Amino acid sequence: MGGLKLRRLASSLLSQGPASPGSAADAQQAVARATAHHPSTAPPSAHHMDALLAFGRGSRLSAAALAAAFVDRLRAASSGQGDAAVALKCLVALRVLLARGAFILRDQLLAALLRHPASGRNPLALAAFPLGRSSFAAASWVRFSARLLELVLLLPGDASADAEYLIALPNPHLIAELAAFAAVADAVRQAPPPPSSGPQPDALIWEAVRLAEEDRVAAERNIAARVKEMGERLDTLSLADAVELVCVLRRVEEGSAPATECKWAGLDEGVVGAARRLRERAEGVVLRRTVEERRLVRRDSGGSASARFIVPARAGRGGGGGDGVRFGSTRWAGTVSAWR
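To convert, count from 1 in the sequence shown and add 1148; that's this note's numbering.
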């Protein structure tokens, strides 16, 4: 009896597959199954998504193999007459993997999908995705989802709305992140019209709609957090940073109204109102910094060009060291002064 149990246990162990996939062939097969053309209106199933997520629990090579398989699948779907169903399934699956995948998988997907700085290779450059045998609605959502994913790849990580994370950011970085989230919100505002809710709704496009709405909500939350943080350090801005902030905040204000041709909602009025008030204050900083620099240029007209760039930063701190002017919020200013 004991020998029979041992044989059954050994048989069950041998019949089980590997704990996590890893080869390029495994990755290509998993991507092909999750993004099959038929049924053309169904998003990747939960079972197939679990199989894709498993590549993040293996080695870096297995994660890289999956990323390469997605790039190849997108390239094939966008060639010739185009296959919008396959391409949109790829984009939907990639968005889910970037949100739920393990760090090692997200890292490899970022490396594979971002525009290559030397060659210019960009797997997400699908603005001219062909209609071919695809419906106009599906092809439009392929173009939109690819562009939105490009912008999402440029966003900071999971702790992007954390207060401690924001406090530690230098002013230029905080403004750049505010601009990145504003770009995502603006892109969603200009999304194609959602499909009609008929007797057989297009579940694949509606899944893309749901993911886009999630990105809009996250962008709105992060914009609000950065507008609040920027308001607490406004007096630390240089002239260049203040000008850049005014430009970014104007783009946030423009995101309050829905796009002309679509019915997508803009940003929350509370967020837009806070951005408007901050922009008005930032314009005052621009005026003050401009006057200060003009006075310093006239006063130091006989000095060197390098001196005229150093003096304004020192003048902003009453003659003290100005190396930290572009860093942190006003909550850190007292600490920096105490150290010195």
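Quick reminder that beta carbons are idealized off the backbone N, C-alpha and C, glycines included. As the structure is a computational prediction, the values presented were derived from the model and not from experiment.
Q.
For the alpha helix (DSSP H) containing R1248, name the first residue and the last one.
A. In this chain, the alpha helix (DSSP H) harbouring R1248 covers 1232-1248.
Q: Measure the CB-CB distance between H1185 and D1231 and report whether it falls below 8 Å.
A: Yes, the Cβ-Cβ distance between H1185 and D1231 is below 8 Å.
Q.
Considering only their Cβ atoms, is the gap separating A1327 from R1364 smaller than 8 Å?
A. No. Outside cutoff.
**Q.** Residues of its chain near L1201, where Cβ-Cβ distance is below 8 Å and the 5 sequence neighbours each way are ignored
**A.** L1245, R1248, G1249, A1250, L1253, listed in sequence order.
Q | Extent of the continuous alpha helix (DSSP H) run through R1399 | A | That run of the alpha helix (DSSP H) goes 1387-1402.
Q: State the DSSP-derived secondary structure class of W1354, mapped to helix, strand or coil.
A: DSSP places W1354 in helix when its eight states are reduced to three.
**Q.** Of the listed residues A1294, S1226, V1394, W1412, nearest to V1433 (C-alpha basis)
**A.** The shortest Cα separation from V1433 among A1294, S1226, V1394, W1412 belongs to V1394.
Q: Can you tell me which of the three DSSP states N1270 falls into?
A: Shown here, N1270 sits in coil according to DSSP, grouped into three states, outside any helix or strand.
Q) Going by the CB atoms, is the gap between E1368 and D1416 shorter than 8 Å? A) Cβ atoms of D1416 and E1368: closer than 8 Å.
Q. What is the DSSP secondary structure of D1448, counted as helix, strand or coil?
A. When DSSP states are grouped into helix, strand and coil, D1448 belongs to the coil group.
Q: Would you kindly work out how many angstroms separate the C-alpha atoms of T1183 and P1343, rounded to a whole number?
A: When rounded, the separation of the alpha-carbon atoms in T1183 and P1343 is 20 Å.
Q: Determine contact between the stretch 1374-1385 and the stretch 1424-1433, defined as no fewer than three beta-carbon pairs at a distance below 8 Å.
A: A contact exists between the stretch 1374-1385 and the stretch 1424-1433.
Q: Kindly list the residues whose CB is nearer than 8 Å to the CB of A1275, restricted to its own chain and excluding five residues on each side of it in sequence; keep chain order.
A: R1291, A1294, R1295.
Q) What first and last residue would you give for the alpha helix (DSSP H) that runs through F1251? A) Segment 1251-1261, the alpha helix (DSSP H) holding F1251.
Q. DSSP on S1293, reduced to helix/strand/coil?
A. Assignment of S1293 by DSSP, reduced to helix, strand and coil, places it in the helix class.
Q. Helix, strand or coil for S1227 per DSSP?
A. Coil at S1227, not helix or strand.
(Q) Any heavy atom of the ligand FMN closer than 7 Å to the beta-carbon of P1340? (A) Among the components modelled here there is no ligand, and therefore nothing to report on the ligand FMN.
Q. Using the C-alpha atoms, what's the distance from A1260 back to A1215?
A. Cα to Cα, the separation comes out at about 6 Å.
**Q.** Beta-carbon proximity list for A1524, same chain, < 7 Å, skipping 5 on both sides
**A.** Absent from the structure is residue 1524, since the part of the chain shown begins at 1149 and ends at 1488.
Q: Would you give the residue range spanned by the alpha helix (DSSP H) that A1413 belongs to?
A: Segment: none, A1413 is in no alpha helix (DSSP H) and carries neither H nor E.
Q: State the DSSP-derived secondary structure class of Q1176, mapped to helix, strand or coil.
A: If DSSP states are grouped into helix, strand and coil, Q1176 belongs with the helices.
Q: Could you tell me whether the Cβ atoms of L1387 and R1429 are closer together than 8 Å?
A: Their beta carbons are not under 8 Å apart, which means L1387 does not touch R1429 by this criterion.
Q) With respect to the alpha helix (DSSP H) encompassing H1196, which residues constitute its N-terminal and C-terminal limits? A) H1196: member of the alpha helix (DSSP H) spanning 1194-1201, first to last residue.
Q | Pick from V1240, P1304, D1350 that is closest to S1283, judged by C-alpha positions | A | Nearest option by C-alpha distance: D1350.
Q: To the nearest angstrom, report how far apart R1437 and N1319 are at their CA atoms.
A: Distance between the alpha carbons of R1437 and N1319: 16 Å.
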